[in-house]
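Read through the structure below, which is laid out as structure tokens, and then see the notes.
2 protein chains.
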Amino acid sequence: MATTTAAQKRAEAKAKYDAFLAVCPSRKLLDRISDKWVMLILTALGSGPDCVGEPRPMRYSELSRVLAGVSQKMLTQTLRALERDGLVTRTAEPTVPVTVTYELTDLGLSLHQMTRGIKLWAEQHMDDVFAERNSYDARVA
Amino acid sequence: MATTTAAQKRAEAKAKYDAFLAVCPSRKLLDRISDKWVMLILTALGSGPDCVGEPRPMRYSELSRVLAGVSQKMLTQTLRALERDGLVTRTAEPTVPVTVTYELTDLGLSLHQMTRGIKLWAEQHMDDVFAERNSYDARVA
């Protein structure tokens with residue numbers, strides 16, 4: 000009798016989407032999460048007080064301060080898209096003015112590790128990239 | 000006598016750049032690598048025949064085929080930026096027509112792991128995100 004094992008099911012689920020294909024919906028999802036504001040928001044919301052990789056609920060105003068230079072429009076749009084995709088929750092408390100808090104969901108936390116890795120990579124390899132650019136520009140000139 | 004240990008040096012290098020700051024050059028680097036084409040190019044060039052995480056040199060035409068739907072202009076621009084940043088090398092062989100091959104550098108390979116993770120995440124969580132979107136749209140409607 001042919002039965003489907005859990006491992007087979009996982010393999011099928013894996014093979015179902017392929018972001019290399021233009022028409023695959025995962026291509027659009029990849030496009031959405033490949034965004035510097037998504038990287039920074041998820042990194043901030045996943046840097047708990049005691050350790051990274053723990054959710055750290057943040058107010059809108061706090062996020063806006065941590066993500067220096069982000070416009071209100073961009074932050075609001077990005078947070079709404081993340082909320083719709085199930086990566087963050089938005090909680091509004093009926094204070095005056097209203098207190099809005101964002102928190103990573105488990106789904107958001109599962110992406111946090113990678114987005115944090117991308118941000119750290121940029122910071123840790125900035126000097127290497129500067130050196131490479133200088134060398135490239137000298138070769139081309 | 001005060002000496003600087005290797006660990007201290009690493010910690011200093013880490014603290015030197017912070018992509019949360021708008022003026023930090025790592026913010027711009029983060030912006031450059033947070034791009035779906037960068038994610039797909041690095042993933043493709045790091046998926047060796049025997050295992051992922053090994054460089055897999057690819058011709059321009061091959062990359063163009065694997066990254067379905069990418070325009071020639073976008074692919075060329077992205078590859079040039081990656082070459083300038085030291086993430087890929089470009090080798091042109093004097094055949095007719097000329098054979099152009101791209102290959103990940105060690106620096107590119109160090110980023111590959113994360114970009115591959117982001118692509119896989121999008122593929123493996125597409126169904127979760129669909130469910131979240133449906134639930135969000137039903138709540139909002």
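Residue numbers (numbering that gives the first Met the number 0), protein chains in the order written: chain F, 0 to 140; chain P, 0 to 140. Quick reminder that beta carbons are idealized off the backbone N, C-alpha and C, glycines included. Computed from a predicted structure; not experimentally measured.
Beta-carbon of GLU131 of chain P versus every beta-carbon of chain F: anything under 8 Å? Closer than 8 Å: yes.
Pick out the complete beta strand (DSSP E) segments inside the stretch 40 to 86 of chain F, 3 residues or longer, and give them in chain order. none
Does any C-beta atom of chain B lie closer than 8 Å to the C-beta of HIS124 of chain P? In the structure shown, chain B does not exist; the protein chains are F and P.
Mind pulling the chain P residues with CB within less than 7 Å of SER33 of chain F? The contact set of SER33 of chain F on chain P, defined by CB atoms closer than 7 Å, consists of SER33, ASP34, LYS35, MET38, ILE117 in chain order.
Can you tell me which residues form a DSSP beta bridge with ALA91 of chain P? Paired residues: P:VAL99.
Quick one: list the residues of chain F neighbouring TYR59 of chain P, beta-carbon separation under 7 Å, in chain order. By Cβ distance, chain F contributes nothing, its closest Cβ being about 16 Å from TYR59 of chain P, past 7 Å.
When F:GLU61, F:GLU92, F:VAL22 are compared against ILE40 of chain F, the one with the closest alpha-carbon: F:GLU61
Around the Cβ of GLY45 of chain P, are there at least 16 other Cβ atoms within 10 angstroms (buried) or fewer (exposed)? buried
Less than 8 Å between the C-beta atoms of VAL37 of chain F and LEU74 of chain F, yes or no? The answer is no: Cβ separation not under 8 Å.
Excluding the 5 residues flanking SER63 of chain F on each side, which residues of the same chain have their C-beta closer than 8 Å to its C-beta? Correct list, in chain order: VAL69, GLN71, LEU74.
Is ALA140 of chain F helix, strand or coil when you go by DSSP? coil
Counting C-beta neighbours from all protein chains within 10 Å, is the total for GLU53 of chain F 16 or more, i.e. buried, or is it exposed? exposed
Within the 8 Å Cβ cut-off, does LEU44 of chain P reach chain F? No, LEU44 of chain P does not count as interfacial toward chain F.
Through-space distance from ALA140 of chain P to PRO24 of chain P, alpha-carbon basis: 42 Å
Span of the alpha helix (DSSP H) holding ALA121 of chain P? It spans 105 to 123 - the alpha helix (DSSP H) in which ALA121 of chain P sits, taken as one unbroken run.
Going by other Cβ atoms of all chains shown within 10 Å of its Cβ, with 16 needed for buried, is GLY47 of chain F buried or exposed? exposed
Please list, in chain order, all residues of the same chain as MET0 of chain F whose beta carbon is under 8 Å from its beta carbon, the five residues on each side excluded. Here MET0 of chain F scores only 44 on pLDDT, less than 50, and its place in the model is too uncertain to base an answer on.
Use the C-beta contact count for VAL95 of chain P: other C-beta atoms within 10 angstroms, 16 or more gives buried, fewer gives exposed. Answer is exposed; the Cβ neighbour count stays below 16.
I want to verify the contact list: residues of chain P whose CB lies under 7 Å from the CB of GLY85 of chain F, in sequence order. ASP127, VAL128, GLU131
Per DSSP, what kind of secondary structure is ARG31 of chain P in: helix, strand or coil? Here DSSP, grouped into helix, strand and coil, assigns ARG31 of chain P to helix.
Between GLU82 of chain P and chain F, is any beta-carbon pair separated by less than 8 Å? yes
Does the CB of LEU78 of chain P have a neighbour CB from chain F at under 8 Å? Not a single CB atom of chain F sits nearer than 8 Å to the CB of LEU78 of chain P.
At 7 Å on the CB atoms, spell out the chain F contacts of ALA67 of chain P, in chain order. PHE19, LEU20, ALA21
Using the rule of at least 16 other Cβ atoms within 10 Å of the residue's Cβ for burial, across every protein chain shown, is ALA18 of chain P buried or exposed? Here ALA18 of chain P is buried: its Cβ has 16 or more other Cβ atoms, across all protein chains shown, within 10 Å.
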